[in-house]
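So the first sequence is numbered by our numbering: it starts at 34 and just counts up by one.
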Amino acid sequence: MPEKNCSQKDVKNILMEIYHLLLKHFGKQNWWPVVNKKNKRFEIIVGAILTQNTSWKNVEKAIKNLYENNAFSRKAILEMPIEKLAEIIKPSGYYKQKARKLKEIAKLKGRITRKRLLSVWGIGKETCDAILLYAYDIPVFVIDAYTQRIFSRLGFKKLDYDSLQKLFEENIPKDIEIYKEYHALLDELAKNYCKKIPICEKCPISIFCEYGRNNLKK
DNA sequence: CCCCAGGCCGCGC
DNA sequence: GCGCGGCATGGG
């Protein structure tokens, strides 16, 4: 569908139609879930790191452990021995690496910019952009493996992080609520339908999908 | 037993 | 600049 003869206007319409179909199907997602509202920003930063290639269920356990050990602050994380921090966040997996990542991000102070975040060890593009969008309300569109899988099946050609991010940012309204919801909805779609082995029959956006049409033909 | 989960780093080429 | 192995727990 986003083949050669697809105008900029078509892309805009398609992206927004997909958004509305997903919203209608799954409802509002209200990402990012937070335990302690007073600690919202830092919780999102920590959660973004802990959830790297890890299910949110496991992250919730680690977050709970941090609170129960009175360890959910930059100060506590900086002062704690790294081995102890690792034990506390163990359920989130990759716990030795992630303990180091938490200490690295806790060290960062002053103005937050994309460039500065990306320079922190353990923060790649997705984690960086999730932090900017969900913790700081800065309008950057977050791309993840799910988004890439979905748009690959839809028929889009350029799927690397920067190209996909550009596609969204140039074709949907620059609105943090839409950015937040859209990313969350794509996640929901990937988990429920556009899985590794997809379930196209009930997919809410199959009408736009190259892969889905071929898959449903027979 | 297998595969997967809201990635990222370090390495070799 | 890209591909690949390593990192690790918990759930289906």
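Cβ coordinates follow ideal geometry from the N, Cα and C atoms, glycine included. Note that the coordinates shown come from a computational prediction; the quantities given were computed from them, not determined experimentally.
What do you get for residue i, buried or exposed, if any count of 16 or more other CB atoms within 10 angstroms of its CB means buried?
i: glutamate 214; result: buried
i: isoleucine 240; result: exposed
i: threonine 160; result: buried
i: aspartate 162; result: buried
i: lysine 134; result: buried
i: glutamate 210; result: exposed
i: cysteine 242; result: buried
With H, G and I counted as helix, E and B as strand and the rest as coil, what does DSSP make of residue i?
i: tryptophan 64; result: coil
i: proline 124; result: helix
i: tryptophan 89; result: helix
i: valine 175; result: coil
i: arginine 133; result: helix
i: alanine 104; result: coil
i: valine 153; result: coil
i: threonine 180; result: helix
i: isoleucine 232; result: coil
i: glycine 188; result: coil
i: isoleucine 238; result: coil
i: glycine 143; result: coil
Just reading off the alpha helix (DSSP H) that residue i is part of, what are its end residues?
i: threonine 160; result: 158-163
i: isoleucine 78; result: 73-83
i: alanine 168; result: Neither: alanine 168 is in no alpha helix (DSSP H) and is coded neither H nor E.
i: isoleucine 209; result: 209-225
i: lysine 199; result: 194-204
i: isoleucine 47; result: 41-59
Would the C-beta of residue i count as close to the ligand ATP, meaning under 7 Å from any of its heavy atoms?
i: valine 79; result: The model on display carries no ligand, and the ligand ATP is accordingly not part of it.
(message) Check whether the region 84-97 and the region 44-56 are in contact - that is, three or more C-beta pairs closer than 8 Å.
(response) no
(request) Taking 8 Å as the threshold, find out whether the region 139-149 comes into contact with the region 176-190 through three or more Cβ pairs. (result) no
(request) Decide if the region 167-178 is in contact with the region 120-130; the criterion is three or more beta carbon pairs, one per stretch, under 8 Å apart. (result) no
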